[in-house]
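Undergrad:
2 protein chains.
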Amino acid sequence: MTVGLALAELIAVLTAVTQGEPKVMTVRRGEALPSGPFELGHRSLQSGLREWVQDQTGHPVGYLEQLYTFADRDRTHESAKRRSISISYLGLVREQAAPGAGKPGWHGWYEYFPWEDHRNGRPAILSDISDQLQAWAAAELPRREHRKRRVEFAFGLHDAAWNEDLTLQRYELMYEAGLVAEAGHGAAEISSGRPMFADHRRILATGIARLRVKIKYRPVVFELMPESFTLLQLQRTVEALAGLTLHKPNFRRLIDQQQLIEETGEVTSETGGRPAKLFRYRHAVLEERALSGSKLPLSRN
Amino acid sequence: MTVGLALAELIAVLTAVTQGEPKVMTVRRGEALPSGPFELGHRSLQSGLREWVQDQTGHPVGYLEQLYTFADRDRTHESAKRRSISISYLGLVREQAAPGAGKPGWHGWYEYFPWEDHRNGRPAILSDISDQLQAWAAAELPRREHRKRRVEFAFGLHDAAWNEDLTLQRYELMYEAGLVAEAGHGAAEISSGRPMFADHRRILATGIARLRVKIKYRPVVFELMPESFTLLQLQRTVEALAGLTLHKPNFRRLIDQQQLIEETGEVTSETGGRPAKLFRYRHAVLEERALSGSKLPLSRN
DNA sequence: CATGATATACTCATCCAGAGTATAAGGAGA
DNA sequence: TCTCCTTATACTCTGGATGAGTATATCATG
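Here the protein sequences line up with chains A and B, keeping their order.
Sequential numbering from 1 applies to the first sequence in the working numbering.
Sequential numbering from 1001 applies to the second sequence in the working numbering.
(1) Kindly give me the distance between the Cβ atoms of Tyr-1068/B and Arg-1201/B, rounded to whole angstroms, as I take these residues to be in contact under 8 Å.
(2) Buried or exposed for Val-1013/B, please, with buried defined as at least 16 other CB atoms from any protein chain shown within 10 angstroms of its CB.
(3) Between which two residues does the alpha helix (DSSP H) carrying Glu-1239/B extend?
(4) At the level of alpha carbons, what is the spacing between Trp-109/A and Ala-242/A?
(5) Listing by chain order, which chain A residues have their CB less than 8 Å from the CB of Thr-1069/B?
(6) With DSSP as the reference, label Gln-1054/B as helix, strand or coil.
(7) CB-CB under 6 Å to Gln-1169/B, same chain, minus the five flanking residues each way: which ones, in chain order?
(8) Which of helix, strand or coil does DSSP assign to Trp-1106/B?
(9) To the nearest angstrom, how far is it from the Cα of Leu-1254/B to the Cα of Arg-1274/B?
(10) Where Pro-1142/B and Tyr-63/A are concerned, what is the direct C-alpha to C-alpha distance, given to the nearest angstrom?
(11) Examine the Cβ distances between the region 207 to 219 of chain A and the region 229 to 236 of chain A and report whether three or more of them are shorter than 8 Å.
(12) Identify the contact partners of Phe-251/A in chain B, using a Cβ-Cβ distance below 8 Å as the criterion.
(13) Can you tell me the Cβ-Cβ gap for Ala-135/A and Arg-147/A, rounded? I've got them flagged as a contact below 8 Å.
(14) Between Thr-1271/B and Val-1017/B, which are expected to be in contact by the criterion C-beta below 8 Å, what is the C-beta distance as a whole number of angstroms?
(15) When DSSP builds the beta bridges, which residues end up paired with Gly-1030/B?
(16) Would you mind listing the alpha helix (DSSP H) stretches within the region 1127 to 1186 of chain B that are 4+ residues and don't spill past its ends, in chain order?
(17) Can you pull the DSSP bridge partners for Arg-119/A?
(18) Can you give the Cα-Cα distance for Leu-1092/B and Glu-1227/B, rounded to whole angstroms?
(19) Can you find a CB in chain A that lies within less than 7 Å of the CB of Ser-1079/B?
(20) Identify the contact partners of Phe-222/A in chain B, using a Cβ-Cβ distance below 9 Å as the criterion.
(21) Ser-1310/B: which of Pro-1060/B, Asp-1055/B, Ile-1011/B sits nearest, CA to CA?
(22) Are there 16 or more other CB atoms within 10 angstroms of the CB of Lys-214/A, so buried, or fewer, so exposed?
(23) What in chain B is Cβ-close to Phe-155/A, meaning under 9 Å?
(24) Here's the rule I'm using: 16 or more other beta-carbon atoms within 10 Å means buried, otherwise exposed. How should Lys-23/A be labelled?
(25) Could you work out which residue in Ala-161/A, His-107/A, Gly-58/A, Thr-167/A is closest to Glu-116/A when comparing CA atoms only?
(26) Does Arg-218/A come out as helix, strand or coil in the three-state DSSP assignment?
(27) Helix, strand or coil for Leu-7/A? Go by DSSP, reduced to three states.
(28) Answer yes or no: do Ala-1177/B and Pro-1195/B have a C-beta to C-beta separation smaller than 7 Å?
(29) Just grab the DSSP bridge partners of Ser-86/A for me.
(30) Using a threshold of 7 Å, state whether the C-beta atoms of Leu-126/A and Val-151/A are closer than that.
(31) With DSSP collapsed to three states, give me the class of Arg-212/A.
(32) Grouping DSSP H, G and I as helix and E and B as strand, with all else coil, what is Arg-1194/B?
(33) Count the other CB atoms, across all protein chains shown, that sit within 10 Å of the CB of Asp-1199/B; report buried if there are 16 or more and exposed otherwise.
(34) Return the residues of the region 109 to 129 of chain A that lie within a Cβ-Cβ distance of less than 9 Å from chain B, sorted by chain order.
(35) Going by DSSP, what residues sit across from Pro-1060/B in a beta bridge?
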């Protein structure tokens, strides 16, 4: 009887937003997510990863949440016929290292998922992608209708609207259809985003999807903001994550009716037009009550 | 340099609802959740658990979802100074084994968490619990206010309303305050529910919380229902999981405006009064579209 | 045939989210 | 200095969803 011995590995999807662009920390020149073995010295998984990231990047991790645990057999480390278990985490950090000295390479989310950014309208690539997916769906007879519905729903075709939360479902469909490079087979004639090592891009998709869902009911955005910020800066950050533009008046209404932030008393005129008030997150006061709220208003435009 | 070798173990929170009561599958006469090593032969974590449960209970698992991965050092299996990683899952099964022959022991959720069942009003135990928690919160000076707010929010004191989703937060607070038996110290003078081995009750709380959240936006309830059912049976099942009573007319409105179910054409008069129409879940048609909907109406009473 | 029980159908008020419009306050350039 | 442009901030309107209550239908039972 074999005992369940396995290699335990930690993988991090570390995200920051700088200049209105969501970034992920990578290694190997953008080809892989940072990862490392889970060592005996660590107190727990959570703290193990925290220490490890601190060492690697010099940045403290604000918010840290477990994503998923994988154990597929087609992973590396299969040297000794041993299984490798990967425990992935989503982490939010406040700032990006000064680009130059630091080794950590930050890359934009949308290099890897160009079809996920709808801030400037529906990306052109989506036409190609959905064409190919529909062809793929129509090809296989047995589960044809089922596939068609999955594609239409995930990509917001026909009557369905684009749903930014379905990042993972979209990637998985494209993977099944052989449209992404990692798959090996198919090799992706269309420009389907930058590939990554092994299943790292899938893990990144998991992280993006999780964060997009989360910002709607938990005030995690503030983990990505500087100490003080304007309302538009906050909105731009949310938009960057969601890959959508928001309705400005409604965004403001929602934010202040939740009382998550307070004025610092200062204003900044670095924004161009009329000077904007600066706000800060009300850490202390809410921490727990905030569990309930924090929705965000979406719009068509 | 230590390599991340660890024992991988699977733990399941298997849930069924019979006669309007939510149950969990246990071993050791209700003292532990079923668990087992993750073996080399398994294709993946998911399928490993699926096979294992099938063997143990004879029931197929309908819905299966990963809950959380733990790796605390105060777990068992610390024989060889080796860490043990526990990957927990939430599984839904349609029926309970005929009580008698089968070994699996099903126990009601609310044996372990009596304060979580509000279907017959606020349980009396909650007065004791919140008294003790407030005393505990008031005792420690430094973070007093913070603790007070956590308790009030989690248990719906003062202005806050009872929120059924906070099962895990409530258990954790009680654990911190030494009100549950697992904590060791304190030994729980009050009847704070049946204890479990190690951190199994915490894992159960995680599963309950996850399921309570999930039924609000995904049609997972149907994994617990028989092929055909009446609307009231469906409502009773949801109420059992949420630990709350629902507003009947609104429940019905919500269900049929989501078009999740369809009439079978038959009726049953086993329910007492006027015979009720039987319905079935529309598996095929929706599977994917259903991703969006499936909320449920809560009420005060 | 009345009564009690459950099933099913409607109505009403409130709140909230999406969408649009209007005014304020700065800077840049004619 | 005045005008225009840009961004910030404030207000209104409408439709739909949600919480809550009420009325009618159809069975079994005494």
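For each residue, glycine too, the CB sits at the ideal point set by N, CA and C.
Here the structure is a predicted model, which means the values were calculated and not measured.
TA: Taking the structure as given:
(1) About 14 Å; that fails the 8 Å criterion.
(2) Val-1013/B is buried by the Cβ-count criterion.
(3) Segment 1231 to 1242, the alpha helix (DSSP H) holding Glu-1239/B.
(4) Cα to Cα, Trp-109/A sits roughly 11 Å from Ala-242/A.
(5) Within chain A, the residues near Thr-1069/B are Leu-45, Gln-66, Thr-69, Ile-87.
(6) Helix.
(7) Only Ala-1154 meet the Cβ criterion.
(8) Taken through DSSP and simplified to helix, strand or coil, Trp-1106/B comes out as strand.
(9) Cα atoms of Leu-1254/B and Arg-1274/B: separation of roughly 22 Å, rounded to the nearest angstrom.
(10) Across the structure, Pro-1142/B and Tyr-63/A are spaced so that their CA atoms are roughly 23 Å apart.
(11) Contact between the region 207 to 219 of chain A and the region 229 to 236 of chain A is absent, because fewer than three Cβ pairs lie under 8 Å.
(12) The contacting residues do not exist; Phe-251/A stays about 22 Å from chain B at best.
(13) Ala-135/A to Arg-147/A, Cβ: 11 Å. No contact.
(14) At roughly 17 Å, the Cβ-Cβ gap does not stay under 8 Å, so Thr-1271/B and Val-1017/B are not in contact.
(15) Answer is none; Gly-1030/B lacks a bridge partner.
(16) Complete alpha helix (DSSP H) runs here, min 4: 1144 to 1155, 1167 to 1176.
(17) As DSSP reads the structure, Arg-119/A sits in a beta bridge with Gly-121/A.
(18) Distance between the alpha carbons of Leu-1092/B and Glu-1227/B is about 15 Å.
(19) Unreliable positioning characterises Ser-1079/B in this predicted model, as indicated by a pLDDT of 49, which lies under 50. The coordinate reading is nonetheless provided below. Closer than 7 Å: no.
(20) Within chain B, no residue has its beta carbon less than 9 Å from that of Phe-222/A; the closest one is some 18 Å off.
(21) It is not possible to answer for residue 1310/B, since the shown part of chain B is limited to 1001 through 1301.
(22) By the Cβ neighbour-count rule, Lys-214/A is buried, with 16 or more other Cβ atoms within 10 Å of its own.
(23) Residues of chain B passing the Cβ test: none, with the nearest at roughly 11 Å.
(24) By the neighbour-count criterion, in which a residue is buried when 16 or more other Cβ atoms sit within 10 angstroms of its Cβ, Lys-23/A is buried.
(25) Glu-116/A has its Cα closest to that of Thr-167/A, out of Ala-161/A, His-107/A, Gly-58/A, Thr-167/A.
(26) It is coil, neither helix nor strand.
(27) The three-state secondary structure of Leu-7/A, taken from DSSP, is strand.
(28) Not a contact, by the Cβ cut-off of 7 Å.
(29) DSSP lists Glu-9/A, Phe-70/A as partners of Ser-86/A.
(30) Not a contact, by the Cβ cut-off of 7 Å.
(31) Looking at Arg-212/A - three-state DSSP - the assignment turns out to be helix.
(32) Coil at Arg-1194/B, not helix or strand.
(33) Buried, because 16 or more other Cβ atoms sit within 10 Å of the Cβ of Asp-1199/B.
(34) Those residues of the region 109 to 129 of chain A that come within reach of chain B (Cβ to Cβ, closer than 9 Å) do not exist; the list is empty.
(35) Answer by DSSP bridge pairing: none, since Pro-1060/B is not bridged.
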